[in-house]
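*Asks:* Chains as they are written, first to last, in my numbering: chain R, 339 to 611; chain Z, 94 to 385. Here a beta-carbon is modelled for each residue, glycine too, at the ideal position from N, C-alpha and C.
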Amino acid sequence: MKVNNLFVVLRYLIIIFILVLTILPLAWIILTGFKAEVEYLHTPPIWFPSDPSFHNYIEMWEDGGKDAFINSLIITTISTILALLLGIPSAYSLSRFNTGGDNFAYWILSIKFLPPIAFAIPISIMFANFNLIDTYTGLILVYTTFNLPFVIWILRGFIKEIPTDIDDAAMIDGCGRFQIIYKIIIPLLGPGLVTVTILTFIFVWSEFLFALILNNSDLYTVPVRLSQYFSEAVGLRWGPQSALATISIIPMILMAFIGQNYIVRALTFGAVK
Amino acid sequence: MKIFDIYYRWILVIPPIILLLVLTVYPTLDALYTSFHQHDAMIPEKPFIWFDNYTNLIFEDERYQNALYVTLIFEVITISIQMLLGLFMAFLFSGEFKFKKIITSIYLVPMMVSPVVVGFTARIAFTNDFGFIPQIIDFILQKETGIAWLSNGFWARVVIISADTWQWTPFVFLIIFSGIMSLPTEPIESARVDGANSWQIALYIVLPQLRYILLVTFLIRSLDLLKLFDVILLTTRAGPGIQTETISVYLYELAFRFWSMGNATAGSFILLIIIIIFTSTLIRFITGYESK
Numbered sequence: 339m340k341v342n343n344l345f346v347v348l349r350y351l352i353i354i355f356i357l358v359l360t361i362l363p364l365a366w367i368i369l370t371g372f373k374a375e376v377e378y379l380h381t382p383p384i385w386f387p388s389d390p391s392f393h394n395y396i397e398m399w400e401d402g403g404k405d406a407f408i409n410s411l412i413i414t415t416i417s418t419i420l421a422l423l424l425g426i427p428s429a430y431s432l433s434r435f436n437t438g439g440d441n442f443a444y445w446i447l448s449i450k451f452l453p454p455i456a457f458a459i460p461i462s463i464m465f466a467n468f469n470l471i472d473t474y475t476g477l478i479l480v481y482t483t484f485n486l487p488f489v490i491w492i493l494r495g496f497i498k499e500i501p502t503d504i505d506d507a508a509m510i511d512g513c514g515r516f517q518i519i520y521k522i523i524i525p526l527l528g529p530g531l532v533t534v535t536i537l538t539f540i541f542v543w544s545e546f547l548f549a550l551i552l553n554n555s556d557l558y559t560v561p562v563r564l565s566q567y568f569s570e571a572v573g574l575r576w577g578p579q580s581a582l583a584t585i586s587i588i589p590m591i592l593m594a595f596i597g598q599n600y601i602v603r604a605l606t607f608g609a610v611k
Numbered sequence: 094m095k096i097f098d099i100y101y102r103w104i105l106v107i108p109p110i111i112l113l114l115v116l117t118v119y120p121t122l123d124a125l126y127t128s129f130h131q132h133d134a135m136i137p138e139k140p141f142i143w144f145d146n147y148t149n150l151i152f153e154d155e156r157y158q159n160a161l162y163v164t165l166i167f168e169v170i171t172i173s174i175q176m177l178l179g180l181f182m183a184f185l186f187s188g189e190f191k192f193k194k195i196i197t198s199i200y201l202v203p204m205m206v207s208p209v210v211v212g213f214t215a216r217i218a219f220t221n222d223f224g225f226i227p228q229i230i231d232f233i234l235q236k237e238t239g240i241a242w243l244s245n246g247f248w249a250r251v252v253i254i255s256a257d258t259w260q261w262t263p264f265v266f267l268i269i270f271s272g273i274m275s276l277p278t279e280p281i282e283s284a285r286v287d288g289a290n291s292w293q294i295a296l297y298i299v300l301p302q303l304r305y306i307l308l309v310t311f312l313i314r315s316l317d318l319l320k321l322f323d324v325i326l327l328t329t330r331a332g333p334g335i336q337t338e339t340i341s342v343y344l345y346e347l348a349f350r351f352w353s354m355g356n357a358t359a360g361s362f363i364l365l366i367i368i369i370i371f372t373s374t375l376i377r378f379i380t381g382y383e384s385k
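1) Between which two residues does the alpha helix (DSSP H) harbouring residue 228 of chain Z extend?
2) Measure the Cβ-Cβ separation of residue 249 of chain Z and residue 324 of chain Z and say whether it is below 7 Å.
3) Flag residue 133 of chain Z as yes if its beta-carbon sits less than 7 Å from any beta-carbon of chain R, otherwise no.
4) Please report how far the alpha carbon of residue 381 of chain Z lies from the alpha carbon of residue 271 of chain Z, in whole angstroms.
5) Could you give the distance in angstroms between the alpha-carbon of residue 185 of chain Z and the alpha-carbon of residue 299 of chain Z?
6) Could you tell me whether the Cβ of residue 349 of chain R comes closer than 7 Å to any Cβ of chain Z?
7) Distance, Cα to Cα, residue 293 of chain Z vs residue 258 of chain Z?
8) Near residue 335 of chain Z, which residues of its chain fall below 7 Å by C-beta distance, leaving aside the five closest residues on each side in sequence?
9) I'd like to confirm the pairing. Which residues does DSSP put opposite residue 141 of chain Z in its beta bridges?
10) Less than 8 Å between the CB atoms is what I'm expecting for residue 377 of chain R and residue 578 of chain R, so what's the real figure, rounded?
11) Closer than 7 Å, CB to CB, is residue 460 of chain R near chain Z or not?
12) Taking all protein chains shown into account, decide if residue 441 of chain R is buried (16 or more other Cβ within 10 angstroms of its Cβ) or exposed.
13) Which same chain residues, not among the five before or five after residue 339 of chain R, have their C-beta less than 7 Å away from its C-beta?
14) Is the Cβ of residue 565 of chain R closer than 7 Å to any Cβ of chain Z?
15) What is the residue span of the alpha helix (DSSP H) that residue 194 of chain Z lies within?
16) With a threshold of 7 Å between beta-carbons, can residue 117 of chain Z be considered close to chain R, or not?
17) What residues in the segment 199–211 of chain Z have a beta carbon less than 7 Å from any beta carbon of chain R?
18) How is residue 339 of chain R classed by DSSP in three states: helix, strand or coil?
19) Please specify which runs of the alpha helix (DSSP H), each continuous and at least 4 residues long, are wholly inside the segment 487–553 of chain R, giving them in chain order.
20) State yes or no: is the C-beta of residue 472 of chain R within less than 7 Å of the C-beta of residue 554 of chain R?
21) From residue 283 of chain Z to residue 162 of chain Z, what does the alpha carbon distance come to, in whole angstroms?
22) For the segment 383–406 of chain R, which residues have a CB atom closer than 8 Å to at least one CB atom of chain Z, in sequence order?
23) Which chain R residues sit within Cβ distance under 8 Å of residue 196 of chain Z?
24) Taking DSSP as the reference, what is the three-state secondary structure of residue 388 of chain R?
25) Nearest CA to the CA of residue 659 of chain R: which residue from R/517, R/495 and R/496?
26) DSSP puts residue 410 of chain R in a beta bridge; with which residues?
27) I need the straight-line Cα distance from residue 345 of chain R to residue 254 of chain Z, nearest angstrom please.
28) By the DSSP assignment, the alpha helix (DSSP H) with residue 598 of chain R in it spans what residues?
29) Roughly how many whole angstroms lie between the Cα atoms of residue 375 of chain Z and residue 308 of chain Z?
30) Could you pull the start and end residues of the alpha helix (DSSP H) that residue 182 of chain Z belongs to?
31) If residue 214 of chain Z sits next to residue 367 of chain R, beta carbons under 8 Å apart, how far is it from one beta carbon to the other, in whole angstroms?
32) Do you know how far the Cα of residue 536 of chain R is from the Cα of residue 501 of chain R?
33) Around the Cβ of residue 260 of chain Z, are there at least 16 other Cβ atoms within 10 angstroms (buried) or fewer (exposed)?
34) Just checking, does the segment 414–424 of chain R make contact with the segment 472–488 of chain R on the three C-beta pairs under 8 Å criterion?
35) Could you give the DSSP three-state label for residue 365 of chain Z: helix, strand or coil?
36) On the CB-based measure, 16 or more other CB atoms within 10 Å of its CB, does residue 417 of chain R come out buried or exposed?
Shown next as structure tokens:
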């Protein structure tokens, strides 16, 4: 039994080690956000700020952080809602009537897996022609479209598990298909729908490539603002940058905790349940 | 089925189809057209040049070849590390222990952090003199290593691979872990009764049953890695030189720094062809396993 005990201790040690590795980098940016400049540019590195304050947060917020946050919030919220509004009925159609057959479903799925740069280049030319660069409309269109495959594909799987008898019973009671979707299917999707909504929100919130390409300077999202610190000739502004990074990830992490029930299924596109 | 339903099912999918046609199919066709033309900034004439953009990239453009090579390196090394680590962690977690649920949840956090933040964090954590990682490594080794993390080609790649591994190993772990949890317990128990030890059970009973899940994970991760862009732009900016320039980064440079749209679109079609060949081969494997 001695070998077994050793194994248990070893396992705990490894688990703690990985846990530390997971948390340390995040702790580092959170702490950096509260340090003074002389502290985050200090050799050897200082872990804990001697006089923690919010001055980095204030500087970041006034120096474009606020605009970035508002832009990101508007674009992310509207795109997520639109993707769900358009995606849920389609998912219903695909799962109940197998609309377009398997090929149609796989075509939709394939879009999610192709590298966005391949689409971004021609879209940027197209948007320039239609004056959609630097607009909310442009980014919302892109984000809605490129998240539809995710929403449709995952919800299609979830709706398939709801027995069709329920639809039939509702129809006998005089419900139309729209009513079935909004009064019966959506409530029954429950936690699955919550996971899909949260993940869509996080995908849009974190998206960088399109946001970088489809704006010139006026309309920047949080990830673009974060990247701008490197191109500005103002030295290493790690304090404000860390502050922006921190407030941009904390809400996502909290949301992820709420939505973790179906996270494996959603992230593997239903390949693993 | 009612007559109404036949129309109705199409009405429901029309808005997404229109959006997807306008923003994916049309751009693809447009890009295909552009890729057969000479298309440079400042030159108004855009003559049709057949496959010149393609042959030029594959045979002459050393930066494109470099980008393919760098992407391949990141693919092979990163996936190997993540799959092995994920598998190891999943086995580690398959037994019961205290605080398992909360610890599992914490491991999921990196996935939810945007890649831009991951890149930025890697940059400030690895920067010499100010970052904590060189400090910790020097402390553990008890000597001044003096590794130039972000300005040496080899170590810059290590930084990017570490950042991606930090973010996505939890994903691999999570999938394999839930795969293990969903396996039937009878074969494992009967093997144990027959005197098999934990390693034998893991190797000969659990692992073969995970084939399908491992292949799916491998497919998703490798397609994701082809998109590697955000982390690189925030850590090394493809440097030093072009030693960490992936295909996505170079295509971005071609299109938006050099405004060489013909080359950029041709480059993305070469990438698409590689992806299609790779994916269809792998899916044949996966469906082969599924039907067995």
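*Replies:* Taking the geometry as given:
1) For the purposes of this step, residue 228 of chain Z is identified with residue 135 of the second sequence, where counting begins at 1. Unbroken alpha helix (DSSP H) run through residue 228 of chain Z: 225–234.
2) Position 156 of the second sequence holds residue 249 of chain Z. Position 231 of the second sequence holds residue 324 of chain Z. Cβ atoms of residue 249 of chain Z and residue 324 of chain Z: not closer than 7 Å.
3) Here residue 133 of chain Z refers to the residue found at position 40 of the second sequence. Taking Cβ atoms only, chain R never reaches closer than 7 Å to residue 133 of chain Z, which makes this a no.
4) Your numbering for residue 381 of chain Z matches position 288 in the second sequence. Your numbering for residue 271 of chain Z matches position 178 in the second sequence. Each residue's alpha carbon lies about 22 Å from the other.
5) The residue you call residue 185 of chain Z lines up with position 92 of the second sequence. The residue you call residue 299 of chain Z lines up with position 206 of the second sequence. Residue 185 of chain Z and residue 299 of chain Z: Cα-Cα distance of roughly 13 Å.
6) As a first step, residue 349 of chain R must be located in the first sequence, where it is residue number 11. Chain Z, which has a Cβ nearer than 7 Å to the Cβ of residue 349 of chain R, makes this yes.
7) Along the second sequence, one-based indexing puts residue 293 of chain Z at 200. Along the second sequence, one-based indexing puts residue 258 of chain Z at 165. Rounded to whole angstroms, residue 293 of chain Z to residue 258 of chain Z spans 28 Å at the Cα level.
8) Start at 1 with the first residue of the second sequence, and residue 335 of chain Z comes out as number 242. Cβ within range, chain order: 156 and 159.
9) As a working note, residue 141 of chain Z is residue 48 in the second sequence. Note: residue 141 of chain Z sits in a beta bridge opposite Z/130.
10) The residue labelled residue 377 of chain R in the question sits at position 39 within the first sequence. The residue labelled residue 578 of chain R in the question sits at position 240 within the first sequence. Actually they do not touch by this definition, with Cβ atoms about 14 Å apart.
11) Looking up residue 460 of chain R in the first sequence gives position 122. Yes, residue 460 of chain R lies at the interface with chain Z (some Cβ there is under 7 Å from its Cβ).
12) Position 103 of the first sequence, counting from 1, holds the residue named residue 441 of chain R. Per the 10 Å Cβ criterion, exposed.
13) The sequence position of residue 339 of chain R within the first sequence is 1, counting from 1. No answer about residue 339 of chain R holds up, because its pLDDT of 49 lies below 50 and its placement is not dependable.
14) Residue numbering aside, residue 565 of chain R sits at position 227 when the first sequence is read from its first letter. Yes, contact with chain Z.
15) Taking the first residue of the second sequence as 1, we reach residue 194 of chain Z at position 101. First-last of the alpha helix (DSSP H) with residue 194 of chain Z: 193–205.
16) The count along the second sequence starts at 1 and reaches residue 117 of chain Z at position 24. Yes - at least one Cβ of chain R is within 7 Å of the one on residue 117 of chain Z.
17) 199, 200, 201, 202, 203, 205, 206, 207, 208, 209 and 210
18) For this step, residue 339 of chain R is matched to residue 1 along the first sequence. Caution applies to residue 339 of chain R, whose pLDDT of 49 falls short of 50 and renders its modelled position unreliable; the value that the coordinates give is listed next. Three-state result, residue 339 of chain R: coil.
19) 502–510, 524–544 and 547–551
20) Here residue 472 of chain R refers to the residue found at position 134 when the first sequence is read from its first residue. Here residue 554 of chain R refers to the residue found at position 216 when the first sequence is read from its first residue. Yes.
21) The count along the second sequence starts at 1 and reaches residue 283 of chain Z at position 190. The count along the second sequence starts at 1 and reaches residue 162 of chain Z at position 69. One C-alpha to the other measures close to 48 Å.
22) 383 and 385
23) Residue mapping note: residue 196 of chain Z aligns to position 103 of the second sequence, counting from 1. Under the 8 Å cutoff, chain R gives 353 and 357.
24) Along the first sequence, one-based indexing puts residue 388 of chain R at 50. Reduced to three states, the DSSP call for residue 388 of chain R is coil.
25) A question about residue 659 of chain R goes unanswered here, because the residues of chain R that appear run from 339 up to 611.
26) Taking the first residue of the first sequence as 1, we reach residue 410 of chain R at position 72. The partner list for residue 410 of chain R (beta bridge, DSSP) is empty, contrary to what the question assumes.
27) The sequence position of residue 345 of chain R within the first sequence is 7, counting from 1. The sequence position of residue 254 of chain Z within the second sequence is 161, counting from 1. Using only the alpha carbons, I get a separation of about 30 Å.
28) Mapped onto the first sequence, residue 598 of chain R falls at position 260. Where residue 598 of chain R is concerned, there is no enclosing alpha helix (DSSP H), given that its DSSP letter is neither H nor E.
29) The residue given as residue 375 of chain Z occupies position 282 in the second sequence. The residue given as residue 308 of chain Z occupies position 215 in the second sequence. If I take the Cα positions, the gap works out to 8 Å.
30) For the purposes of this step, residue 182 of chain Z is taken as the residue at position 89 of the second sequence. Per DSSP, residue 182 of chain Z belongs to the alpha helix (DSSP H) from 155–186.
31) Taking the first residue of the second sequence as 1, we reach residue 214 of chain Z at position 121. Taking the first residue of the first sequence as 1, we reach residue 367 of chain R at position 29. The pair is a contact, with the Cβ atoms about 5 Å apart (cut-off 8 Å).
32) In the first sequence, counting from the first residue as 1, residue 501 of chain R sits at position 163. In the first sequence, counting from the first residue as 1, residue 536 of chain R sits at position 198. C-alpha separation (whole angstroms): 25 Å.
33) By 1-based counting over the second sequence, the position of residue 260 of chain Z is 167. Per the 10 Å Cβ criterion, buried.
34) yes
35) Within the second sequence, the letter at position 272 stands for residue 365 of chain Z. Residue 365 of chain Z: helix per DSSP, three-state reduction.
36) Taking the first residue of the first sequence as position 1, residue 417 of chain R is located at position 79. Residue 417 of chain R should be labelled buried.
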